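Protein chains: 2
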Amino acid sequence: VGGDKLIRNRIPDVVIQRLITYLRILRDPAMVNEEYISSAQLAHFAGVNSAQVRKDLALFGEFGKQGVGYPVKNLQEELVSILGADRPIGIVIFGVGELGSALARFLTARRKENKEYRFILRALFDENPSMIGKEINGVKVRPLSALDRVEEPQDVGIGIVAVPAAAAQQVVDFAISKGIRGFVNFAPIKLKVPPNVRVQYTDVTLTLEELAFYL
Amino acid sequence: VGGDKLIRNRIPDVVIQRLITYLRILRDPAMVNEEYISSAQLAHFAGVNSAQVRKDLALFGEFGKQGVGYPVKNLQEELVSILGADRPIGIVIFGVGELGSALARFLTARRKENKEYRFILRALFDENPSMIGKEINGVKVRPLSALDRVEEPQDVGIGIVAVPAAAAQQVVDFAISKGIRGFVNFAPIKLKVPPNVRVQYTDVTLTLEELAFYL
Numbered sequence: 030v031g032g033d034k035l036i037r038n039r040i041p042d043v044v045i046q047r048l049i050t051y052l053r054i055l056r057d058p059a060m061v062n063e064e065y066i067s068s069a070q071l072a073h074f075a076g077v078n079s080a081q082v083r084k085d086l087a088l089f090g091e092f093g094k095q096g097v098g099y100p101v102k103n104l105q106e107e108l109v110s111i112l113g114a115d116r117p118i119g120i121v122i123f124g125v126g127e128l129g130s131a132l133a134r135f136l137t138a139r140r141k142e143n144k145e146y147r148f149i150l151r152a153l154f155d156e157n158p159s160m161i162g163k164e165i166n167g168v169k170v171r172p173l174s175a176l177d178r179v180e181e182p183q184d185v186g187i188g189i190v191a192v193p194a195a196a197a198q199q200v201v202d203f204a205i206s207k208g209i210r211g212f213v214n215f216a217p218i219k220l221k222v223p224p225n226v227r228v229q230y231t232d233v234t235l236t237l238e239e240l241a242f243y244l
Numbered sequence: 030v031g032g033d034k035l036i037r038n039r040i041p042d043v044v045i046q047r048l049i050t051y052l053r054i055l056r057d058p059a060m061v062n063e064e065y066i067s068s069a070q071l072a073h074f075a076g077v078n079s080a081q082v083r084k085d086l087a088l089f090g091e092f093g094k095q096g097v098g099y100p101v102k103n104l105q106e107e108l109v110s111i112l113g114a115d116r117p118i119g120i121v122i123f124g125v126g127e128l129g130s131a132l133a134r135f136l137t138a139r140r141k142e143n144k145e146y147r148f149i150l151r152a153l154f155d156e157n158p159s160m161i162g163k164e165i166n167g168v169k170v171r172p173l174s175a176l177d178r179v180e181e182p183q184d185v186g187i188g189i190v191a192v193p194a195a196a197a198q199q200v201v202d203f204a205i206s207k208g209i210r211g212f213v214n215f216a217p218i219k220l221k222v223p224p225n226v227r228v229q230y231t232d233v234t235l236t237l238e239e240l241a242f243y244l
């Protein structure tokens, strides 16, 4: 496990992103019945060139078969193992407005249609008294003060931040104090976090606004 | 309008992104009752330094008042005008699975709670016969063949791609042939598009997978 950790920390983020993309391509329903996939096909779907695919996958050993390609099932298993992509990860959502609710429905539905979908919605948090006690697909809305100390990522690995910008930093500070180390931020604000905490930014309205500017 | 276009094309993407972020901060409910905002406050929420804020806003004239800050309402109007952020933009969603449905509910709810929310869901498309004819908040699901020729961005400016990876390129090619010039892609595939078409990539599961890798 120590060695694993070492290898992981040495892989650049951009390679990790591509490996995740390869894995998602292999898991796509259209791929399920394919026995082999060529580096050219993988490259096509991932938007890179075949040499890049071969180079990325060669980092971890010899998967491919000359002239046939990569065995889909085998490559999938290898990528899952490299990425640790079979570990269940608990998710909580902060802010149960329209976006938070939509994400809650999305996550619970993914999990329902695929028992192996590893992101498991554990709880919803909102400070609005009229929301507290409500349920979305069986997951209850609680006040922030009900967030327990987090022990393991499968307990709560990631907090999704879907509160207004003005509340986001405070919510994240509190979540960090409870042990959450990963966040997806939908609030239009840059979060200040210590170096051992990671934040990914994503915002549908912002994305639409950016696109719209160029139309 | 020609001059406007010229100025627009000269502003780097990163500045546009920051201007959009400033505008979203000014529009945040917490800001509504404030008369002034300082460059330090704007910088704090946007995650940049105050000098950057002042430099970005100075590009477009003199908004600030020494020692008081920027007048919130005025700066908001200026940014809306610079960004063209008051033009309504029609949206269609391709793929009405869990993600597509959640996005449809999100967009219609935003529009319902704020009549000025400019992204208007026009139609939903899915090739699954069991989906066709269904409605989400009054917007009907149609087969792809029902997509009409697009004339104006307020008609359909942006297509949201929420179909499986294997179908995404084909759907986008068809949408481009009908005149759509902007896409938000949720499918785990890089799209090939001509230079006059823009794509933004966004993918909640991919974001979660990337974060999870580092937990």
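These protein sequence lines are chains A and B, in that order. Position one of the first sequence corresponds to residue 30 (this note's numbering), numbered consecutively onward. Position one of the second sequence corresponds to residue 30 (this note's numbering), numbered consecutively onward. Just so you know, even glycine gets a beta-carbon here, dropped at the ideal spot from N, CA and C. Keep in mind it's a predicted model, so treat the numbers as computed, not measured.
Own chain, CB closer than 6 Å to residue i, minus 5 neighbours either side, in chain order
i: A/Gln229; result: Val213
i: B/Met160; result: Val125, Val170
i: A/Val200; result: Phe123, Val192
i: A/Ser79; result: Ser68, Ala69, Ala72
i: A/Tyr237; result: First, the residue type needs correcting, since residue 237 of chain A is Leu and not Tyr in the sequence shown. Contacts found: none.
i: A/Phe74; result: Ile54
Run of the beta strand (DSSP E) containing residue i, from where it starts to where it stops
i: B/Arg151; result: 148–154
i: B/Ile122; result: 118–123
i: B/Val168; result: 168–171
i: B/Phe212; result: 211–214
i: A/Ile187; result: 187–190
Heavy atom of the ligand FMN within 6 Å of residue i beta-carbon
i: B/Pro100; result: The model on display carries no ligand, and the ligand FMN is accordingly not part of it.
Close Cβ partners of residue i (< 7 Å) along its chain, the five nearest in sequence each way excluded
i: A/Lys221; result: Gln198
i: A/Ala191; result: Ile122, Phe123, Gly124, Gly126, Leu128, Gly129, Leu132, Phe215
Residue i - containing alpha helix (DSSP H), residue span
i: B/Gln46; result: 42–56
i: B/Lys163; result: Where B/Lys163 is concerned, there is no enclosing alpha helix (DSSP H), given that its DSSP letter is neither H nor E.
i: A/Arg178; result: No alpha helix (DSSP H) holds A/Arg178; DSSP gives it neither H nor E.
i: A/Gly129; result: 127–142
i: B/Val233; result: 233–242
i: B/Gln199; result: 194–206
i: A/Val82; result: 79–87
Nonlocal neighbours in the same chain, by C-beta distance under 8 Å from residue i, ignoring five residues either side
i: A/Glu180; result: Gly208
i: B/Val44; result: Asp85, Leu88
i: B/Ile118; result: Arg147, Phe148, Ile149, Pro182, Gln183, Gly186, Ile187
i: A/Pro100; result: Glu64, Tyr65, Phe92, Lys94
i: A/Leu52; result: Gln105, Leu108, Val109, Leu112, Ala114
i: A/Lys163; result: Val125, Lys169, Val170
i: A/Lys34; result: Its pLDDT being 42, under 50, A/Lys34 is placed unreliably in this model, and the value from its coordinates should be taken loosely. Contacts found: none.
i: B/Met60; result: Ile54, Ile66, Val101
Beta carbon proximity, residue i to chain A, threshold 7 Å
i: B/Leu240; result: yes
i: B/Thr137; result: no
i: B/Tyr243; result: yes
i: B/Leu173; result: no
i: B/Gly32; result: Unreliable positioning characterises B/Gly32 in this predicted model, as indicated by a pLDDT of 40, which lies under 50. The coordinate reading is nonetheless provided below. Not an interface residue.
i: B/Arg140; result: no
i: B/Ala133; result: no
i: B/Asn143; result: no
i: B/Pro249; result: Because residue 249 of chain B is not part of the residues shown, which for chain B are 30 to 244, the question remains open.
Closer than 7 Å at the beta carbon, the chain E residues around residue i
i: B/Phe148; result: No chain E is present in this structure, whose protein chains are A and B.
Test: residue i CB closer than 7 Å to a CB of chain B
i: A/Arg227; result: yes
i: A/Asn166; result: no
i: A/Lys102; result: no
i: A/Ile161; result: no
i: A/Pro158; result: no
i: A/Lys219; result: yes
Quick one: any contact between the stretch 192–212 of chain A and the stretch 148–167 of chain B, if contact means 3 or more CB pairs under 8 Å? no
Quick one, which residues of the stretch 34–64 of chain A are near chain B if we go by CB-CB under 7 Å, in chain order? Ile45, Gln46, Ile49, Thr50, Arg53, Ile54, Asp57, Pro58, Ala59
Can you give me, in chain order, the residues of the stretch 200–215 of chain B that have a beta carbon less than 9 Å from any beta carbon in chain A? Arg210, Gly211, Phe212, Val213
Three-pair Cβ contact test at 8 Å for the stretch 143–152 of chain A versus the stretch 134–142 of chain B: no
Examine the Cβ distances between the stretch 47–60 of chain B and the stretch 100–115 of chain B and report whether three or more of them are shorter than 8 Å. yes
Given a limit of 9 Å on CB to CB distance, which residues of the stretch 176–190 of chain B reach chain A? Pro182, Gly186, Ile187, Ile189
Looking at chain A, which residues of the stretch 67–85 of chain B have a Cβ within less than 9 Å of any of its Cβ atoms? His73, Phe74, Ala75, Gly76, Val77
Which residues, taken in chain order from the stretch 98–130 of chain B, show a beta carbon closer than 7 Å to some beta carbon of chain A? Leu112, Gly113, Ala114, Ile118, Glu127, Leu128
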